[in-house]
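Structure first, commentary second.
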Amino acid sequence: MALRLVQIAMNARDDSVVGRFWAETLGWSVSTEGPGVTNLEPAGFAYPDPVAVCIDVLRVPEPKTVKNRVHVDLATTSTAHQAELVARLEDLGAAPVDIGQGDVPWTVLADPEGNEFCVLEPRESYRDTGPMAAVVVDCADPRAMAAFWGAAMDWTLHEVTDDHAVLRSAKGVGPYLEFLRTPDAKTVKNRLHLDLRPYPGDDQAAEVARLRALGATDADVGQGDVPWTVLADPEGNEFCVLTPR
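Numbered continuously in the numbering used here, the sequence shown closes out at residue 334.
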């Protein structure tokens, strides 16, 4: 049994505005599966495929109140590309934001609803990821998170230290999943969370039971009667286990 990271779910007051911003940012296509949901994926993409982690922007009534514990890092190929991308994103509605990063070679921006993200300086490790270099999760214990998520998914653990952990699809494609040690505690429901999907023919309930045995707990985010299961990892980060596909 195994699970795949297939998409990020991103909460927004206005899913269409945030969805258009991220579609322009990544160069992806926009679709919708219903009111209040904007779906983003690369043009011509055959979902699900680890070459990309898609984005579902979901409309919610509550505003953003704290720094997100999950964010996206964008890849660049040169310092000129980084500068051009930052300028283009600011024209699209992004704004510089100070989260205490200090003097760093990457640029921290926020999307039109304040969701933080980073435009990275060129790094060799991200040259084949596509526009999304990594999905980054703040945490207190990267080693514990690596143990949980490494067992939860069929992704490969590339590196783990006291300060960070790095995973990537076992196929060696697409963005990385990274856990960074931070001093801040989780206080509210995450506005970005991960969606996992079993392979065709696998048992969703059995996967959920396996995750509970690994340390996941049930989470109620007001989802009601839905076909997916909402859980939280050992540090309380919500995520969803979707139906097989």
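No residue lacks a Cβ here, since even glycine has one placed at the ideal position from N, Cα and C.
Its chain contains GLU130, CYS143 as the residues whose beta carbon lies nearer than 7 Å to that of TYR136, once the 5 sequence neighbours on both sides are disregarded; these appear in chain order.
In this structure, GLU202 places its C-beta atom within 8 Å of the C-beta atom of ARG102. Setting aside the 5 residues that flank it on each side, ASP104 is surrounded in the same chain by GLY125, VAL126, THR127, VAL146, LEU147, ARG148, each with a C-beta closer than 7 Å to its C-beta; the list follows chain order. Counting of Cβ neighbours within 10 angstroms places PRO194 among the exposed residues, the total staying below 16. With contacts defined by Cβ atoms closer than 8 Å, VAL197 and PRO211 do not form a contacting pair. For TRP195, DSSP assigns no beta-bridge partner whatsoever. PHE328 has LEU283, LEU320 as its beta-bridge partners, per DSSP.
Contact between the stretch 235 to 245 and the stretch 258 to 266 is established, with three or more Cβ pairs separated by less than 8 Å. Counting of Cβ neighbours within 10 angstroms places ASP227 among the buried residues, the total reaching 16 or more. In the three-state DSSP reduction, PRO231 falls in the helix class (H, G or I). Burial is judged here by how many other beta carbons sit within 10 angstroms of a residue's own beta carbon; GLN96 has at least 16 and is buried. If you compare the alpha carbons of GLY304, VAL225, ARG177, VAL319 with that of ALA240, the shortest gap goes to GLY304. Three or more Cβ pairs drawn from the stretch 206 to 224 and the stretch 156 to 175 lie within less than 8 Å of each other, which places the two stretches in contact. With a contact defined as Cβ atoms closer than 8 Å, LEU181 and THR114 qualify at about 7 Å.
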